[in-house]
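Peer 1: For the sequence shown, my numbering assigns the number 423 to the initial residue and increments by one for each residue that follows. Heads up, the beta-carbon is just placed ideally off N, CA and C, and yes, glycines get one too. Since we're looking at a predicted model, the values are computed, not measured.
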Amino acid sequence: MRNIVLIGMPGCGKTKVGEELSRRLKMPLVDTDQLVELRQERTIPEIFAQDGEAAFRDMESDAARRAAGMTGVVIATGGGMVLREENMRMLAATGIIFFRDRPLEEIAGENHAGRPLIGSDRDRLQRLYTERIELYRKYAQYTISHTETPAEAALRIMEIYREVCGT
C-alpha cells in the first residue's frame with residue numbers, strides 16, 4: 423500500500439489535511455516535524471535556536487528516511503522538506519506526493535508564531551514562497567488547489583489516491 427505524502431508551504435494545512443485523510447482512510451498519520459521533535463525531545467523552534475537550520479535539515483532528512491520506510495501511512499512533511507532532493511526521492515519511492523497549493527494571502531492571514539522561519543513576518547513568508555514554489559511544483563505528482571477546507575482537500579486527494587492505487 424503506497425503512502426500519501428503531503429508537501430506545501432508552512433501553514434498550508436498539511437497536518438490538518440493529513441488528519442482528515444488518516445481518519446477517513448484509516449491510515450496512520452506520520453508528521454515528520456513530530457518525528458524530529460520526539461527524537462530530539464525538543465520543539466522545532468528550540469532546535470532552530472540551539473542548533474540552527476542546517477542541523478534541523480539533517481534531522482528532517484532522517485525523519486524523511488524513517489517515514490519513507492513505513493507502508494500505508496499518510497505523511498505530513500515540514501514546509502522545507504523539498505529543499506533536499508534526497509528527501510523527495512526517498513518519499514517518492516514509497517509514496518504519492520501531493521502538493522497542497524493554498525493562496526499565499528490565505529496562509530499569511532493565519533498565526534505562525536510557532537514557525538521559526540516565519541513567525542509573524544509576512545515578508546519572510548513571501549520570500550519562502552518565492553524560494554520554494556518551484557520545488558513544490560517540481561516534486562508534486564498531484565497539485566491540490568482551490569480547496570477552502572482541509573476536508574475538501576482530503577476528499578480530492580482520496581479520489582486521486584483510489585484511482586491511482588485501484589482501491
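Give the secondary structure of R464 by DSSP, where H, G and I count as helix, E and B as strand, and everything else as coil.
Peer 2: If you number the sequence shown from 1, residue 464 lands on position 42. In the structure shown, R464 sits in coil (DSSP, three-state: anything other than H, G, I, E or B).
Peer 1: Measuring alpha carbon to alpha carbon, tell me which of P572, E442, R424, L550 ends up nearest G501.
Peer 2: For the purposes of this step, residue 501 is taken as the residue at position 79 of the sequence shown. The residue with the shortest Cα to Cα distance from G501 is L550.
Peer 1: Going by alpha carbons, who is nearest to E570 out of Y561, R524, Y583?
Peer 2: Walking along the sequence shown from the start, residue 570 turns up at place 148. Cα-wise, what sits closest to E570 is R524.
Peer 1: With a 10 Å radius around its C-beta and 16 neighbouring C-beta atoms as the bar for buried, classify Y564 as buried or exposed.
Peer 2: Indexing the sequence shown from 1 puts residue 564 at position 142. It is exposed - the Cβ of Y564 has fewer than 16 other Cβ atoms within 10 Å.
Peer 1: Below 8 Å, how does it come out for the segment 440–458 and the segment 483–499: are there three or more Cβ pairs, yes or no?
Peer 2: The answer is yes - the segment 483–499 touches the segment 440–458, with three or more Cβ pairs under 8 Å.
Peer 1: Just verifying my parser: in three-state terms, what is the DSSP assignment at I582?
Peer 2: Translated into the one-based positions of the sequence shown, residue 582 becomes position 160. Helix, per DSSP.
Peer 1: Looking only at C-alpha atoms, which of E441, R554, M580 sits nearest to I566?
Peer 2: Numbered from 1 along the sequence shown, position 144 holds the residue referred to as residue 566. Per the Cα distances, M580.
Peer 1: What is the DSSP secondary structure of A498, counted as helix, strand or coil?
Peer 2: Along the sequence shown, one-based indexing puts residue 498 at 76. A498: strand per DSSP, three-state reduction.
Peer 1: Is the beta carbon of C434 less than 8 Å from the beta carbon of I518?
Peer 2: Reading the sequence shown from its first residue, position 12 is the one you call residue 434. Reading the sequence shown from its first residue, position 96 is the one you call residue 518. No. Outside cutoff.
Peer 1: Applying the 10 Å Cβ sphere with the 16-neighbour rule, what's the burial state of V586?
Peer 2: Mapped onto the sequence shown, residue 586 falls at position 164. V586 should be labelled exposed.
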